[in-house]
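Q: I have a structure I would like to understand better, so I am pasting it below and will then ask my questions one at a time.
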Amino acid sequence: MIMVKRIIALLTDFGTEDGYVGAMKGKILSIAPETDIVDISHEIKPFNIRQAAFCLTNCYAHFPGKTIFIVVVDPGVGTARKGLMIQTANHFFIGPDNGVFSLIYEKEAFNSFEILVDILPWKVAATFHGRDVFSPLGALLATGKGINRFLSATKKHISFVKPIRQVEKKRFHIPVVHIDHFGNVILNFQRKDYSKMKTKKFGITVDDHKFGKIHNTFGEVSRGEFLLMWDSSDYLQIARNGGSAAKDLGISTDSEVGLIL
Amino acid sequence: MIMVKRIIALLTDFGTEDGYVGAMKGKILSIAPETDIVDISHEIKPFNIRQAAFCLTNCYAHFPGKTIFIVVVDPGVGTARKGLMIQTANHFFIGPDNGVFSLIYEKEAFNSFEILVDILPWKVAATFHGRDVFSPLGALLATGKGINRFLSATKKHISFVKPIRQVEKKRFHIPVVHIDHFGNVILNFQRKDYSKMKTKKFGITVDDHKFGKIHNTFGEVSRGEFLLMWDSSDYLQIARNGGSAAKDLGISTDSEVGLIL
Amino acid sequence: MIMVKRIIALLTDFGTEDGYVGAMKGKILSIAPETDIVDISHEIKPFNIRQAAFCLTNCYAHFPGKTIFIVVVDPGVGTARKGLMIQTANHFFIGPDNGVFSLIYEKEAFNSFEILVDILPWKVAATFHGRDVFSPLGALLATGKGINRFLSATKKHISFVKPIRQVEKKRFHIPVVHIDHFGNVILNFQRKDYSKMKTKKFGITVDDHKFGKIHNTFGEVSRGEFLLMWDSSDYLQIARNGGSAAKDLGISTDSEVGLIL
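Chains as they are written, first to last, in our numbering: chain A, -1 to 259; chain B, -1 to 259; chain C, -1 to 259.
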């Protein structure tokens, strides 16, 4: 029998200096001592759900099968927001129902389960579900013990991703899903959407700017120029060589850009 | 025979970018290759012993039995300050004698040992006991080898925690033990102290402010209001919903607040 | 047969919040599940090759034999810069050929190999060799599978270290190799160079300042005073007790200081 060590990957906005991440790690290792804990990040900006969702989408697919991702960016802890366990073909995701798994919903087929916090047979602090709900459930899952009794299938979950919408016959609006810390504007338009398009002639418009070509690297345009590129998760992004596209084009996460076919 | 992997948890103020934490990890793994190294934090503010002590107290109890905590916030390295190994019922703590274990002393029964640095049979850099004293001793302990020959029982150790003091029959002063990065004021008054009090009627006073009730969550008071809460380590704290209690009440770590029974 | 877990130590300037480090870790664990991943740092300042080189030199020698270091500070990714695998007596180093291994070249005997990126039998994103070239090769190496078919021996590699140069019979110029974040000025003069010197009488000169003595700790000089010390990697450094030597002496990484024998 080959024992494969289970991996629990952690993603939070806690920083490390208060010991909250330490408490999660201690709790996980107490329940599942053979687990391999992997830090993705604890430096997500406080309560920045979109940043956490993007961080997750940039890495989850590279992890081994059965990896358990515990994601705790949780401004609503202590309120009635639900806790979720999302199961995809290869992975498990545990965390609050606040949109932090939005991009998983876009990219994967999945089943979702609400965590029945009230029936957990241990003490749960209202303000620290990372330590008292998500970590112990993830650790139990890692040990191979069933956690189904603490779960209830659900079809509802929150997403911050807005769909592309048609405004005229050949005109669409594409919502922004994220602005990364370089100011790159990531659009809700994936490489797989592009593959399905019959015409490869298209234009992305932002005010007076129009982009018709998708570049491979920043180096293909001059310094200061704007460009379209696929980001490392295969979303289309508007970037600026040596600058912040978002700032210089006046784009926020609430913006939409034009798509003309 | 079941081999349980030993855990060494690291807590420092080194940051990571100079490679000092890397050197500690390398040294530990060279001596004890089967050890599981867990990062608690390396982002403690330089020389901030109270922050490190609080970070530790927020997490240590959740770690498995026999976990070895190596704590290196060490402004006095290179001076005559002692090194310590503290043994509690479940855990081991290794680091400098500068108060960084103050809250362990408050919460646990323990034995303490001075590290006999001068007799260590390897080279020790005067300015890097994290790498040359605490890490190798922690690693030797993790391998199950005795380190007693490098230790001497001691009863003296430094603590920054000042006791509650009685000023009148029913009036006490409670010292502040920490101000966290949200400005929450943590008092030297634990939930276990409160449990022992015969009367549950009491008042905490700060200048003209008087608090008589202990809340469960921030959400129980309006934005801008001050409140009393138990922190995640069961210390009583003064907080402000949406603000910094410490700043707005003019409280520092040298302050005391009133307790009226 | 004793199986020794292989260690892969990671050093990057990615920060963690974008998920790029997570992607590297996921990829490594997918290829080499038994690997022990150790974070050295992901907080190197963006593109700061010298800082990464110094971070590495401060820690690599303490790691167990056969540790694989993957170093990704890679401003030239997407250009024609080479990828390297450096093999020393005890360790392996994988990363871009941009000088990030300069100090390894100074301290160790080594063989160097160019990575033949074009023949890798998997998809490689032009902008993310950390995930698609260096991590999978490091992981393959960790599993014990040969990676020689992807390597070609090379003698050329980039170094930022400039040699000491003689300007008069008993006068030399020593280049600066690094300025650390405390402002300590690290010189290209190692303890082993000093050991080989016949006379121990020497002077280091910076404008009007002259240093003739090497101190052991900051505590040996008064606050505000400049001093010479060995750094923790045995390079000679100019420091200032309670200040920034680099700033206060006007020294940059392009500077040289005088050495008079």
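Note that CB positions come from ideal geometry on N, CA and C, so glycine has one too.
By the three-class DSSP mapping on this structure, what secondary structure does leucine 259 of chain C have?
A: coil
Q: Under a three-way DSSP split, which group does leucine 226 of chain A fall into?
A: strand
Q: Using a C-beta to C-beta distance shorter than 9 Å, which residues of chain B count as neighbours of valine 183 of chain C?
A: The contacting residues do not exist; valine 183 of chain C stays about 15 Å from chain B at best.
Q: For glycine 81 of chain B, list the residues DSSP reports as bridge partners.
A: B/Pro94
Q: Can you give the Cα-Cα distance for valine 98 of chain A and proline 31 of chain C, rounded to whole angstroms?
A: Going from the Cα of valine 98 of chain A to the Cα of proline 31 of chain C covers about 27 Å.
Q: Would you mind working out which of B/Ser133, B/Ile35 and B/Thr33 sits nearest lysine 25 of chain B, comparing C-alpha positions?
A: B/Ser133
Q: Indicate the three-state DSSP secondary structure (helix, strand or coil) for proline 44 of chain C in the structure shown.
A: In this structure, proline 44 of chain C counts as coil in the three-state DSSP scheme.
Q: Figure out for me which residue from B/Asp205, B/Gly181 and B/His207 has the closest Cα to the Cα of arginine 238 of chain B.
A: B/Gly181
Q: Counting along the chain, where does the beta strand (DSSP E) carrying alanine 151 of chain B start and finish?
A: 149 to 151
Q: Measuring alpha carbon to alpha carbon, tell me which residue in B/Ser242, B/Pro161 and B/Ile84 is nearest isoleucine 326 of chain B.
A: With chain B covering only -1 through 259, there is no way to say anything about residue 326 of chain B.
Q: Alpha carbons only, please: which of C/Glu254, C/Ile68 and C/Pro62 is nearest the one belonging to arginine 163 of chain C?
A: C/Glu254
Q: Assuming glycine 81 of chain A and valine 131 of chain A are in contact, meaning their beta carbons sit under 8 Å apart, how far apart are those beta carbons, in whole angstroms?
A: 6 Å
Q: Suppose contacts are defined by Cβ-Cβ distances below 7 Å. Is serine 250 of chain B in contact with phenylalanine 158 of chain B by that definition?
A: No; because the gap between Cβ atoms is not below 7 Å, this pair is not in contact.
Q: Measure how close the beta-carbons of proline 62 of chain C and serine 28 of chain B come, nearest whole angstrom, since I'm counting them as under 8 Å.
A: 5 Å
Q: Could you tell me whether any Cβ in chain B is nearer than 7 Å to the Cβ of threonine 10 of chain C?
A: no
Q: Look at arginine 48 of chain B and histidine 127 of chain B and say whether their C-beta atoms are less than 7 Å apart.
A: no
Q: Could you tell me which chain C residues have their CB closer than 7 Å to the CB of proline 62 of chain A, listed as they occur along the chain?
A: In chain order: Leu27, Ser28 and Pro31.
Q: Considering only residues of the same chain and omitting the five flanking positions on each side of tryptophan 120 of chain C, which have a CB-CB separation below 8 Å?
A: Asp130 and Pro134
Q: Start and end of the beta strand (DSSP E) containing proline 173 of chain A?
A: 169 to 177
Q: Alpha carbon to alpha carbon, how far is glycine 17 of chain B from leucine 54 of chain B?
A: 22 Å
Q: So within the stretch 179 to 216 of chain B, which uninterrupted beta strand (DSSP E) runs reach at least 3 residues, ignoring any that extend past its ends?
A: 183 to 188, 201 to 204 and 207 to 209
Q: Provide the residue span of the beta strand (DSSP E) that contains serine 39 of chain C, from first to last.
A: Unbroken beta strand (DSSP E) run through serine 39 of chain C: 34 to 39.
Q: I'd like to know whether the C-beta atoms of threonine 15 of chain A and glutamate 218 of chain B end up nearer to each other than 7 Å.
A: Sequence inspection shows glutamate at residue 15 of chain A; the threonine mentioned does not correspond to that position. Result no, Cβ atoms of glutamate 15 of chain A and glutamate 218 of chain B do not sit closer than 7 Å.
Q: In its own chain, which residues sit with a C-beta less than 7 Å from the C-beta of phenylalanine 108 of chain B, not counting the 5 before and 5 after it?
A: Its chain contains Ile84, Gln85, Thr86 and Ile102 as the residues whose beta carbon lies nearer than 7 Å to that of phenylalanine 108 of chain B, once the 5 sequence neighbours on both sides are disregarded; these appear in chain order.
Q: Take alanine 137 of chain C and list the residues in its own chain whose beta-carbon comes closer than 6 Å to its own, dropping the five residues that flank it on each side.
A: Ile26, Ile29 and Ala30
Q: Determine which residues of the stretch 190 to 215 of chain A have a Cβ less than 7 Å from any Cβ of chain C, and write them out in chain order.
A: Cβ contacts with chain C: Asn214 and Thr215.
Q: Is the Cβ of glutamate 106 of chain C closer than 7 Å to any Cβ of chain B?
A: no
Q: Among the residues of its own chain, which have a CB less than 6 Å from the CB of valine 204 of chain B, if the five just before and after it don't count?
A: Leu247 and Val255
Q: Taking DSSP's pairing of strands, which residues face leucine 234 of chain B in a bridge?
A: B/Trp228
Q: Buried or exposed: which applies to valine 70 of chain B, given that a residue is buried once 16 or more other Cβ atoms fall within 10 Å of its Cβ?
A: buried
Q: Any Cβ of chain A within less than 7 Å of the Cβ of valine 174 of chain B?
A: No, valine 174 of chain B does not count as interfacial toward chain A.
Q: Could you please tell me which residues of the stretch 46 to 60 of chain C, in chain order, have their CB closer than 8 Å to any CB of chain B?
A: Answer in chain order: Gln49, Phe52, Cys53, Leu54, Thr55, Asn56, Cys57, Tyr58, Ala59 and His60.
Q: Give the secondary structure of glutamate 254 of chain A by DSSP, where H, G and I count as helix, E and B as strand, and everything else as coil.
A: In the three-state DSSP reduction, glutamate 254 of chain A falls in the strand class (E or B).
Q: Hey, would you say arginine 79 of chain B sits closer than 7 Å to threonine 33 of chain B, going by beta carbons?
A: no
Q: So the candidates are A/Lys194, A/Gln235, A/Gly201 and A/Phe200; which of them puts its Cα closest to the Cα of asparagine 214 of chain A?
A: Considering only alpha carbons, the answer is A/Gln235.
Q: In chain order, what residues of the same chain have a beta carbon less than 7 Å from the beta carbon of isoleucine 172 of chain A, not counting five sequence neighbours either side?
A: Ile162, Leu185, Asn186, Phe187, Glu254, Val255 and Leu257
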